[in-house]
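Protein chains in written order, with the numbering used here: chain A, -8 to 271; chain B, 1360 to 1451.
Below, the structure written as structure tokens:
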């Protein structure tokens, strides 16, 4: 065995050395998502000058600061709005939004569905940890029924969002869901996501042992991962409406993979057409 | 269950299992235990020592068992472990 004291990890060049080690809790899945993301970048040999990472508020929001590319940490719920601006101004850039479920689907819900409807060529990776982890574990739009949180001490009675169904119904061209235990499939999915033109979305079911798990009989990251291992079922291209997340069953896989003309292409074509007509 | 007839792979004579070199960056580890739990060959175990973050980092039990699947590298949230193939010229 060789003990390495210095930070010489093969993915070190994709991470800002000054920000490492990150502040996420032990057992948190955000580090695995970041790991899968930089793994995909490494395998694709992406040009890092052509990549923009945008994140919103939440624990996973720090991912923008940790990746050693041009990145921006936006206000709460607005990463897709910011990413839309970047993509329209510079369509040649690859714009990736890494954010959480509370940021993208509670306060930023409208930005998400309209970006998906317009088919803007941005890529969204959503870390779903079932609650507002950063602010102390309040109930969120993805909290499962009967789950205990700080604001639902007797069990949640709100029906949760089905994020893959929402994305598919809004018109996203690529929709997938994985858990943080499916690291290989997640990295392959992120590679696919980066190669696509239109609006693409991956939901990553992520463990949150310190905030969500401790109130729901899963005190450690390992116990949450064991839940994913036992409950997850891969059903590729099944109906996203039936892709539920319950204590007994987590349906994962790719759900939608279609091609559609993107908004920025249609916009720039239209602009060129109008300019040409006005010149004639 | 159907009966399985295992056979030796045709290139079993020539094939050489690559030697692994497991690097653990101890002070980055937060002790979540994912690498230990999900190693398919159970190469890692929790050590007794305490690192700079106050947790027990993993320790290699038997490096020869490692098949370089690199699942530990992929599943580590803290970028604290990675596996490389051992580069040795005259057999190690």
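Backbone N, C-alpha and C fix where the C-beta goes; we use that ideal spot for every residue, glycine too.
Please read these numbers as outputs of a predicted model, since none were measured by experiment.
How many Å lie between residue i and residue j at the Cα?
i                       : j                       : result
residue 43 of chain A   : residue 84 of chain A   : 7 Å
residue -4 of chain A   : residue 1438 of chain B : Legend: pLDDT at residue -4 of chain A = 47, less than 50; position of this residue unreliable, value from coordinates given subsequently. Spanning the two alpha carbons is a distance of roughly 13 Å.
residue 216 of chain A  : residue 1379 of chain B : 26 Å
residue 259 of chain A  : residue 268 of chain A  : 14 Å
residue 163 of chain A  : residue 1382 of chain B : 40 Å
residue 236 of chain A  : residue 77 of chain A   : 33 Å
residue 1386 of chain B : residue 55 of chain A   : 23 Å
residue 1436 of chain B : residue 19 of chain A   : 7 Å
residue 182 of chain A  : residue 29 of chain A   : 10 Å
residue 1377 of chain B : residue 1444 of chain B : 6 Å
residue 34 of chain A   : residue 27 of chain A   : 10 Å
residue 206 of chain A  : residue 99 of chain A   : 26 Å
Using alpha carbons as the reference points, say which of the options lies closest to residue i.
i                       : options                   : result
residue 107 of chain A  : A:180, A:150, A:63, A:188 : A:188
residue 184 of chain A  : A:262, A:265, A:88, A:123 : A:88
residue 198 of chain A  : A:48, A:26, A:119, A:29   : A:119
residue 239 of chain A  : A:225, A:251, A:221       : A:221
residue 1441 of chain B : B:1415, B:1384, B:1366    : B:1384
residue 58 of chain A   : A:228, A:6, A:124         : A:6
residue 154 of chain A  : A:121, A:47, A:180        : A:121
residue 135 of chain A  : A:21, A:152, A:96         : A:152
residue 68 of chain A   : A:146, A:244, A:104       : A:104
residue 1418 of chain B : B:1426, B:1403, B:1391    : B:1403
residue 177 of chain A  : A:245, A:146, A:52        : A:245
residue 40 of chain A   : A:261, A:206, A:62        : A:62
residue 148 of chain A  : A:74, A:-1, A:138         : A:138
residue 254 of chain A  : A:48, A:111, A:186        : A:111
Name the two residues that bound the continuous alpha helix (DSSP H) containing residue i.
i                       : result
residue 34 of chain A   : 21 to 35
residue 63 of chain A   : Run containing residue 63 of chain A: none in the alpha helix (DSSP H); it sits in the beta strand (DSSP E), 61 to 64.
residue 56 of chain A   : 54 to 57
residue 1379 of chain B : No alpha helix (DSSP H) holds residue 1379 of chain B; the beta strand (DSSP E) holding it covers 1379 to 1383.
residue 77 of chain A   : 70 to 80
residue 1434 of chain B : 1430 to 1434
Taking C-beta pairs closer than 7 Å, name the residues in chain B that residue i reaches, listed in chain order.
i                      : result
residue 216 of chain A : 1393
residue 184 of chain A : The premise fails here: residue 184 of chain A is roughly 17 Å from chain B at the closest Cβ pair, so nothing lies under 7 Å.
Looking at the unbroken beta strand (DSSP E) that takes in residue i, where does it start and where does it end?
i                       : result
residue 1395 of chain B : No beta strand (DSSP E) contains residue 1395 of chain B, which is instead part of the alpha helix (DSSP H) from 1393 to 1397.
residue 1403 of chain B : 1403 to 1405
residue 1443 of chain B : 1440 to 1444
residue 89 of chain A   : 85 to 91
residue 1419 of chain B : 1417 to 1419
residue 45 of chain A   : 42 to 46
Using a C-beta to C-beta distance shorter than 8 Å, which residues of chain B count as neighbours of residue i?
i                     : result
residue 17 of chain A : 1389, 1390, 1391, 1414
residue 30 of chain A : 1433
So residue i contacts chain B; which residues on that side make the cut at Cβ distance below 9 Å?
i                     : result
residue 21 of chain A : 1436
Determine the chain A residues that contact residue i at a beta-carbon separation under 8 Å, and present them in chain order.
i                       : result
residue 1427 of chain B : None at all; the shortest Cβ gap to chain A is about 13 Å.
Kindly provide the ranges of any beta strand (DSSP E) runs that are 3 or more residues long and lie completely inside the stretch 176 to 259 of chain A, ordered along the chain.
-> 191 to 196, 223 to 225, 241 to 248
Can you give, in chain order, each stretch of the beta strand (DSSP E) that sits fully within the stretch 107 to 173 of chain A and has at least 3 residues?
-> 114 to 119, 165 to 170
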